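Q: Handing you a structure now.
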Amino acid sequence: MTETPPLHAATVEQTNSASRDIATTIHPYTNLKLHEAEGPFVVVEGDGVFVRGQDGKKYLEGLAGLWCASLGFSERRLAEAAYRQMLKLPFYHTFAHKTTDIGIALAEKLLSLAPVPMSKVFFVNSGSEANDTAVKLVWYFNNALGRPAKKKIISRAKAYHGVTVASASLTGLANNHRDFDLPIAGILHVECPHFYRYGLPGESEQAFASRMADLLEQRILKEGPETVAAFIAEPVMGAGGVILSPETYWDKIQAVLRKYDVLLIADEVICGFGRTGEMWGSTTFGIKPDMITCAKALSAAYMPIGAVMVSEAIYNAMVKQSEKIGVFSHGFTFGGHPVSSAVALETLRIYEEDDILSHVRRMAPLMQGGLQRFTDHPLVGEVRGIGLIGAVELVADKATKAPFDAAQGVGPFLVKRAQHHGLILRALGDTIAFCPPLIIQPAEIDLMFERFALALQDTLEMVRERGLAANALVS
Ligand SMILES: Cc1ncc(COP(=O)(O)O)c(C=O)c1O
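For the sequence shown, our numbering assigns the number 1809 to the last residue and increments by one with no breaks.
As structure tokens, then:
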């Protein structure tokens, strides 16, 4: 990175950027009113797992941006792959029988990596587009099979599948629906399988998993199995709070899906490409999907690209539709963009050459052990995670698991303090998410938790001062 500018220069520049940003830009997942008062945090440079703000400070990126910058922020090979491709062929599309050599190579590579045999790849530009496409393909598939009533798609409370109309409907978070007139018809949500939050007193993890599967079965029966087409799930729920499913959950859920001929879509947008210590979350948890959606770490986030992989049965049905209708009328101008494809292919090469999976497996005990050290903290209800993803859930009362009132903004306060201490994290309510670049090194993991500990201490002091916790240890 370049040298830090003198403080006064940064300050003038910052004020300038803030007013320009407020005057021009709508920010996603931002309180727009608050933003008008507080302005943006402007990031100007990246270096490994760090980014530098316009304030001249270096921040450890504890969420890899948005769970995506797997190779950090300064991988030259990806910049060079993009540059080479831009010079050679900056754009071509995949409509109407056209394609690019680099697109073919990427599709071959993805299919070779798939966790279960997959037939074909359809390229998109984001996780939301991937999941919207998956929804349309489920409907198309059942129309091809002559089952026009079999269309409902089951998702889960607290799932995150994106923000476009169908994807936001799949998402199981209230604010993604509220006042957007969502979800659309035919998208249902079943229980979130978070044992810590929703396990009953005295219930074992396995019994909880059985109850989740029973509830899914009851819902399918209530709706009518002839109307239920697919179930979509993230192997580890990300934006809903980094939630891992209870032991035996996936076996039991998949048995129900098979019984009622319901397709399984694995949303690998966060888990895909090494996050859990395997190439796919599906491999980690024994999930055998009919469709896989992925994005984010496919290109290490250096270019927008996503993909939907479909089974042979789904592909065959799509071909049948072409015999009937003619053209498969779905696709995005930039789907399979050659520059994105080149960067993605180079990313997958780096994962292989640097044996990123072994690295994640070596770092995972440091990451998970680091999180576990906060278990006894008076504000911490649960710590959880796998591989290089994890979370710390803050509670007002450790014994009863009572959460803080959301309006008190305890999680967001912690994240603000973390940023003050040079660490960028994400608050999902009062759950603090960790998802650093996969290339993170042991000393950087230590630094991440040192800075988090400072922020947690600041939060404890704030909670004590304001008398927010019922917890005897806190007050
Ligand atoms: C599991 C999952 N699916 C889908 C998406 C949506 O991806 P995008 O923001 O690229 O549309 C996300 C984004 O965070 C995600 O975490």
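Quick reminder that beta carbons are idealized off the backbone N, C-alpha and C, glycines included.
It should be emphasised that the depicted structure is a prediction, and the values quoted were computed from it without experimental measurement.
1) If you count every other CB in all the chains shown that lies within 10 Å of the CB of L1534, and 16 or more means buried, which is it?
2) Which value, in whole angstroms, describes the spacing of the CA atoms of G1724 and P1712?
3) Check whether the Cβ of G1670 sits closer than 7 Å to any heavy atom of ligand 1, and report yes or no.
4) Going by DSSP, which residues form a beta bridge with T1709?
5) For M1796, which residues from the same chain have a beta carbon less than 7 Å from its beta carbon, with the 5 sequence-adjacent residues on both sides left out?
6) Would you mind working out which of I1774, V1714, L1722, Q1775 sits nearest A1787, comparing C-alpha positions?
7) Looking at C-alpha atoms only, which residue of P1771, L1679, V1744 is the closest neighbour of T1610?
8) Name the two residues that bound the continuous beta strand (DSSP E) containing V1717.
9) From the DSSP output, read off the bridge partner residues of Y1393.
10) For S1489, list the residues DSSP reports as bridge partners.
11) Please confirm whether I1604 and L1504 have their CB atoms less than 8 Å apart.
12) I think I1621 touches P1569, with their Cβ atoms under 8 Å apart; what is that distance to the nearest whole Å?
13) Is Y1649 near ligand 1 - that is, is its Cβ less than 7 Å away from at least one heavy atom of it?
14) Could you pull the DSSP bridge partners for G1703 from this structure?
15) Note down, in chain order, each residue of its chain lying with its Cβ closer than 7 Å to the Cβ of A1804, except the 5 sequence neighbours on either side.
16) Going by the beta-carbon positions, is the gap between I1577 and H1528 smaller than 8 Å?
17) Which residue comes first and which comes last in the alpha helix (DSSP H) that contains I1659?
18) For A1554, which residues in the same chain have their Cβ closer than 8 Å to its Cβ, ignoring the five residues on either side in sequence?
19) Where does R1760 sit, in a helix, a strand or coil, going by DSSP?
20) Looking at P1638: is its Cβ nearer than 8 Å to the Cβ of S1460?
21) So, under 8 Å CB-CB, M1613 and L1447 are touching, yes? Tell me the CB distance rounded to an integer number of Å.
22) Taking DSSP as the reference, what is the three-state secondary structure of T1359?
23) Grouping DSSP H, G and I as helix and E and B as strand, with all else coil, what is F1747?
24) Taking only the alpha-carbon atoms, compute the straight-line gap between S1538 and A1733 and give it to the nearest angstrom.
25) Can you pull the DSSP bridge partners for V1346?
26) Identify every residue that forms a DSSP beta bridge with F1565.
27) Can at least three beta-carbon pairs, one atom from the segment 1686-1697 and one from the segment 1648-1658, be found at a separation below 8 Å?
28) Alpha carbon to alpha carbon, how far is P1776 from M1697?
29) Measure the alpha-carbon distance for S1404 versus P1362 and round it to whole angstroms.
30) Let's see if you can read the secondary structure: which residues bound the beta strand (DSSP E) around L1550?
31) Return the chain-ordered ranges of every alpha helix (DSSP H) run that is complete within the segment 1587-1640 and spans a minimum of 4 residues.
32) Determine, using beta carbons only, whether G1373 and I1356 come nearer to each other than 8 Å.
33) Classify V1642 as buried or exposed, calling it buried when 16 or more other Cβ atoms lie within 10 Å of its own Cβ.
34) Once DSSP output is grouped into helix, strand and coil, what is the label at D1466?
35) Taking just the CA atoms, how far does A1500 sit from I1518?
A: According to the structure shown:
1) Exposed.
2) Roughly 19 Å between the two C-alpha positions.
3) Checking every heavy atom of ligand 1 against the Cβ of G1670, none is found closer than 7 Å.
4) BP columns for T1709 are empty, so no partner.
5) Excluding five sequence positions before and after M1796, the CB atoms of its chain that fall closer than 7 Å to its own CB belong to F1747, given in chain order.
6) Residue V1714 is the option with its Cα nearest to A1787.
7) Residue P1771 is the option with its Cα nearest to T1610.
8) Per DSSP, the unbroken beta strand (DSSP E) holding V1717 starts and ends at 1714-1720.
9) V1385.
10) Per DSSP, H1523.
11) With respect to the 8 Å criterion, I1604 and L1504 are not classified as neighbours on the basis of their beta carbons.
12) At roughly 6 Å, the Cβ-Cβ gap stays under 8 Å, so I1621 and P1569 are in contact.
13) It does not: the Cβ of Y1649 is nowhere closer than 7 Å to a heavy atom of ligand 1.
14) None; G1703 has no bridge partner.
15) Once the five neighbours on either side are set aside, the close Cβ partners of A1804 are A1730, D1731, A1736.
16) A contact, by the Cβ cut-off of 8 Å.
17) That run of the alpha helix (DSSP H) goes 1646-1659.
18) For the record, residue 1554 in the displayed sequence is Ile; it is not Ala. Excluding residues up to 5 positions away in sequence, I1488, V1562, V1590, Y1594, V1596 lie with their Cβ nearer than 8 Å to the Cβ of I1554 in the same chain.
19) Assigned with DSSP and collapsed to three states, R1760 falls in strand.
20) Cβ atoms of P1638 and S1460: closer than 8 Å.
21) Contact annotation, M1613 with L1447: C-beta distance approximately 6 Å; criterion of less than 8 Å satisfied.
22) Note: T1359 maps to coil in three-state DSSP.
23) In the structure shown, F1747 falls within a helical segment according to DSSP collapsed to helix, strand and coil.
24) Using only the alpha carbons, I get a separation of about 18 Å.
25) Bridge partners of V1346: none, in fact.
26) Beta bridge pairing from DSSP links F1565 with I1488, L1598.
27) No contact exists between the segment 1686-1697 and the segment 1648-1658.
28) Approximately 7 Å, taken between the alpha carbons.
29) So the two alpha carbons sit approximately 22 Å from each other.
30) DSSP places L1550 outside any beta strand (DSSP E); the residue lies instead in the alpha helix (DSSP H), whose first and last residues are 1539-1557.
31) Within the segment 1587-1640, the runs of alpha helix (DSSP H) at least 4 residues long that lie entirely inside it are, in chain order, 1615-1619.
32) Contact check for G1373 against I1356 passes: the beta carbons are separated by less than 8 Å.
33) Counting every other CB atom within 10 Å of its CB across the protein chains shown gives V1642 a total of 16 or more, marking it as buried.
34) Residue state, collapsed to three classes: helix.
35) For I1518 and A1500, the gap between their C-alpha atoms comes out near 7 Å.
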